[in-house]
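Comments concern the structure below.
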Amino acid sequence: MISSADVTAALRRFGVVEWWRISIGLDPRDGLHRPPLIVWRYSSPGDQVRELIHRTVSGLPTSVDWDVDTSGKNWTIIPEILRREYARHAGDSYTGVLGDVKRSDQLFCEKANLDMVLFVRELNDTAAF
């Protein structure tokens with residue numbers, strides 16, 4: 002399993018990370034797998050980095066479906082299931098999406114966390130060149 006520190010270290014290999022939100026690994030409060038997601042912002046994002054990260058992560062064989070979005074100010078790597086749930090609650094004040102998915106589908110969370118290990122490994126390998 003990887004930690005949020007592993008994720009931020011991989012992201013920092015491509016530039017200065019100005020802000021991030023990461024959900025990954027086991028929740029120490031209940032021992033359940035968290036649904037993983039990465040949302041971050043580079044202080045000076047370049048098109049080359051934007052394309053490289055999108056291409057690197059999007060091209061990998063995964064266990065769950067992912068949405069990789071580097072088109073806006075904040076970039077995201079998020080499972081499609083979470084993207085749909087967040088969209089369903091857009092405009093309301095509900096904030097329990099991650100907790101709901103964590104409690105309802107641990108198999109999905111385990112598979113998605115394993116995918117995230119693959120993403121971080123591939124990002125590290127890509128940045129090494």
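Its first residue numbered 2, the sequence shown is counted upward by one per residue in the numbering used here.
Glycine is no exception: its CB is placed at the ideal position from the N, C-alpha and C atoms.
Predicted, not measured: the structure shown is a model, and the values here were computed from it.
Identify whether residue i lies in helix, strand or coil by the three-state DSSP scheme.
{"i": "LEU38", "result": "strand"}
{"i": "ARG104", "result": "helix"}
{"i": "PRO25", "result": "According to the sequence as given, residue 25 is Ile; it is not Pro. Here ILE25 sits in coil by DSSP."}
{"i": "ASP93", "result": "coil"}
{"i": "VAL8", "result": "helix"}
{"i": "VAL17", "result": "coil"}
Determine whether the beta carbon atoms of residue i and residue j lie at a separation below 8 Å.
{"i": "LYS103", "j": "ARG35", "result": "yes"}
{"i": "ASN114", "j": "PRO37", "result": "yes"}
{"i": "TRP41", "j": "TRP20", "result": "yes"}
{"i": "SER64", "j": "ASP116", "result": "yes"}
{"i": "SER24", "j": "LEU99", "result": "yes"}
What span of residues does the alpha helix (DSSP H) with residue i cover, start to end?
{"i": "ASP48", "result": "48-59"}
{"i": "ILE78", "result": "ILE78 -> not in any alpha helix (DSSP H); beta strand (DSSP E) instead, spanning 76-80."}
{"i": "VAL69", "result": "Per DSSP, VAL69 belongs to no alpha helix (DSSP H); it is in the beta strand (DSSP E), 67-70."}
What number of angstroms, rounded off, separates the C-alpha of residue i from the C-alpha of residue j?
{"i": "ASP7", "j": "ARG85", "result": "26 Å"}
{"i": "PHE15", "j": "ASP126", "result": "12 Å"}
{"i": "ILE3", "j": "ASP28", "result": "12 Å"}
{"i": "PHE109", "j": "THR77", "result": "19 Å"}
{"i": "TYR95", "j": "ASP101", "result": "11 Å"}
{"i": "GLY73", "j": "LEU33", "result": "31 Å"}
{"i": "LEU83", "j": "GLY92", "result": "16 Å"}
Ignore the nearest five residues each way along the sequence and tell me which others in residue i's own chain have a CB closer than 6 Å to its CB.
{"i": "LEU53", "result": "none"}
{"i": "ARG51", "result": "THR71"}
Can you give me the Cβ contacts of residue i inside the same chain, cut-off strictly under 7 Å, excluding the 5 residues immediately before and after it?
{"i": "PRO46", "result": "GLY16"}
{"i": "ARG89", "result": "none"}
Apart from the five residues on each side of it in sequence, which residues of its chain come closer than 8 Å, Cβ to Cβ, to residue i?
{"i": "VAL121", "result": "ILE3, ASP7, VAL8, ALA11"}
{"i": "GLU123", "result": "THR57, VAL58, LEU61"}
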